[in-house]
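Okay, structure first, notes after.
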Amino acid sequence: MDYKNCSKEVLENEYSQLVKQFEDIKGKGLNLNMARGKPGKEQLDLSLSMLDVLNSKSEYVGVDKMDCRNYGILEGITECRKLFADILGTDYTKVMVGGSSSLNMMFDTITCMMTTSIVEGCKPWYEVKDRKFLCPVPGYDRHFGITEYYGFNMIPIPMDENGPDMDMIEKLVAEDESIKGIWCVPKYSNPTGITFSDEVVKRFAALKPKAKDFRIMWDNAYVVHDVTDTPDSLLNILDECEKAGNPDLPILFTSTSKITFPGAGVAAMATSEANMAVFKKRYNYEVISYDKLNMLRHVLFFKDYNGVLEHMQKHKEVLAPKFKIVADMLEKELKPVGIGSWTNPNGGYFVSVDVLEGTAKRVVELCTEAGVVLTGAGATYPNGCDPEDKNIRIAPSFPPNDELLEAMEVFCICTKLAACEKILNK
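The numbering used here puts the sequence shown at residues 50 to 475.
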């Protein structure tokens with residue numbers, strides 16, 4: 050039955066049945082959550098032994114010959130910088146290891162460029178009137194929140210299966226000096242799960258921005274987060290920018306937040322020598338050094354990059370069935386009635402669902418009534434405004450599989466109910 054093409058009588062009957070199902074669900078008193086991409090308990094348990102690699106008898110001196118219990122080494126211990134360099138595909142001299150949050154490092158990076166010129170001769174961004182930032186959509190709400198906080202006018206950039214619309218980006222940045230940067234989640238993008246194609250990465254590297262201080266905020270949060278046996282590959286933007294003569298364009302970020310313990314992992318950034326010199330000058334005033342014991346703990350736990358990959362294989366074994374539950378339920382319940390489209394990513398943490406246009410907020414509202422918490426409709430767009438009111442981000446990682454299955458059943462019923470209401474003008 051295709052909702053948009055069936056008779057009013059048939060759809061009215063379907064609506065009545067859905068209302069009954071919905072009322073039955075509300076009577077269950079459910080309390081299920083698919084709102085944020087939090088690792089589930091089974092994933093968190095994978096890293097428990099990391100808590101045992103350091104104890105009162107441990108040797109706390111690394112290759113830097115500094116006691117990790119004390120102040121010092123602003124950019125992080127060398128072993129940890131090398132580990133992140135392997136993850137990001139660069140040399141460790143370009144890496145700075147920070148605290149536990151890459152989001153914090155991104156906020157600090159924008160803050161630095163707001164108050165300090167990243168390029169000699171350019172104004173700090175707070176002095177730039179009508180400053181703008183490019184935002185691929187649907188995208189990550191917390192990215193948009195940073196530039197919203199600092200008063201940027203955010204320009205939505207449409208995404209397709211290859212990445213952001215590069216024709217649009219190239220034209221905008223070449224013409225407008227007030228455009229200062231772009232947010233990117235290049236591998237398994239949040240929430241669509243797509244990975245930027247080689248052509249898109251090369252075009253990013255070859256950009257000719259009118260603003261000499263334009264920067265690409267390259268949040269490679271899911272660089273090792275595969276969930277299928279056919280993982281995506283991502284071209285190395287640092288290498289491509291070097292080839293294109295634009296070494297200062299990209300600023301890379303990643304963390305172990307969804308690898309070890311969220312809020313207790315390690316974050317890192319990588320960029321050119323010129324950029325890093327500006328950022329480190331700020332960090333010198335902000336912090337003496339970050340948590341080197343946590344850096345050391347992670348290095349001892351993983352040992353090397355291969356150790357990270359082996360650990361992520363364990364995550365994959367936990368996450369793959371969850372993504373299958375979501376895909377199977379959407380295929381079974383929404384495809385036959387013709388009211389939605391969705392992504393089937395090879396990695397990352399999310400599934401992006403486009404429900405019937407004009408119903409996303411209603412779907413989220415109905416799910417809330419039924420006891421299922423979702424990320425708010427519109428969150429994947431700047432200022433929380435999805436102009437078509439259709440995109441919803443599903444995060445399958447946190448609930449146990451039985452709860453996830455139940456939550457997806459509720460989601461599909463609510464999606465169908467909202468569609469019937471819309472078509473029938475209820």
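Where is the CB? At the ideal position from N, CA and C, for every residue including glycine.
Item, Value
"Cβ-based neighbour list, Gly386, same chain, cut-off 7 Å, excluding 5 preceding and 5 following", "Checking the sequence shown, residue 386 turns out to be Val, not Gly. So the list reads Met50, Asp51, Tyr52 and Lys465, once near-sequence residues are dropped."
"Close Cβ partners of Glu481 (< 6 Å) along its chain, the five nearest in sequence each way excluded", "What the structure shows of the chain is the stretch from 50 to 475, and residue 481 is not part of that stretch, so it cannot be assessed."
"Asn239 to Cys184 span [Cα, whole Å]", "12 Å"
"Assigned exposure category for Val112 - 16 Cβ within 10 Å defines buried", "exposed"
"Among Phe201, Asp225 and Pro187, nearest to Pro235 - alpha-carbon criterion", "Pro187"
"Status (buried if at least 16 other CB within 10 Å, exposed otherwise) for Thr417", "exposed"
"Start-to-end residues for the alpha helix (DSSP H) that takes in Met99", "Run containing Met99: none; DSSP gives neither H nor E here."
"Leu103 versus Ile206: straight-line alpha-carbon distance, rounded", "46 Å"
"Sufficient close CB pairs (3 or more, under 8 Å) joining the segment 394-406 to the segment 150-168", "no"
"The beta strand (DSSP E) enclosing Gly230, as first and last residue numbers", "Ile228 to Cys233"
"Met154 versus Ala260 - alpha carbon distance", "23 Å"
"Close beta carbons around Phe310, own chain, < 7 Å, minus the five adjacent residues each side", "Leu93 and Ser96"
"Start-to-end residues for the alpha helix (DSSP H) that takes in Asn130", "Sequence inspection shows Arg at residue 130; the Asn mentioned does not correspond to that position. Note, Arg130: alpha helix (DSSP H), Thr127 to Leu137."
"Inter-residue Cα distance where the pair is Val144 and Lys471", "51 Å"
"Start-end ranges of the beta strand (DSSP E) lying completely within the segment 64-117, minimum 3 residues", "81-83"
"Ala316 (DSSP reduced to helix, strand or coil)", "strand"
"Secondary structure of Gly294, DSSP reduced to three states", "coil"
"For Lys384 and Ser105, the rounded distance between their alpha carbons", "58 Å"
"CA-to-CA distance, Met115 to Met83, given in whole angstroms", "43 Å"
"Where Gly212 sits in the DSSP three-state scheme", "strand"
"Cβ neighbours of Leu132 in the same chain (closer than 8 Å, five flanking residues each side left out)", "His347, Val348, Phe351, Asp353, Tyr354 and Val357"
"contact_flag[the segment 195-202, the segment 173-181] where n(CB pairs < 8 Å) is 3 or more", "yes"
"Stretch-stretch touch, CB-based, cutoff 8 Å, three pairs: the segment 426-446 with the segment 275-283", "no"
"Identity of the residue in Trp174, Ile388 and Leu152 nearest Phe302 by Cα", "Leu152"
"When Val315, His274 and Lys69 are compared against Gly86, the one with the closest alpha-carbon", "His274"
"Outcome for Asp438 when other beta-carbon atoms lying within 10 angstroms are tallied against a minimum of 16", "buried"
"Enclosing beta strand (DSSP E) for Leu301 [first to last residue]", "Pro299 to Ser304"
"Cut-off 6 Å between Cβ atoms - residues of its own chain near Cys463, not counting five sequence neighbours on either side", "Val412, Leu415 and Cys416"
"Cross-strand partners of Ile443 (DSSP beta bridge)", "Val400"
"Distance between Arg191 and Leu345 (C-alpha atoms, nearest Å)", "29 Å"
"Secondary structure of Ile218, DSSP reduced to three states", "helix"
"Among Leu123, Ile243 and Ile228, nearest to Tyr175 - alpha-carbon criterion", "Ile228"
"Contact under 8 Å by Cβ, Ser306 with Lys371", "no"
"Residues sharing a beta bridge with Asp275, DSSP", "Gly396"
"Beta-carbon proximity check, Ala468 vs Thr424, cutoff 8 Å", "no"
"Contacting residues, own chain, Cβ-Cβ under 7 Å from Pro436 (five flanking each side not counted)", "none"
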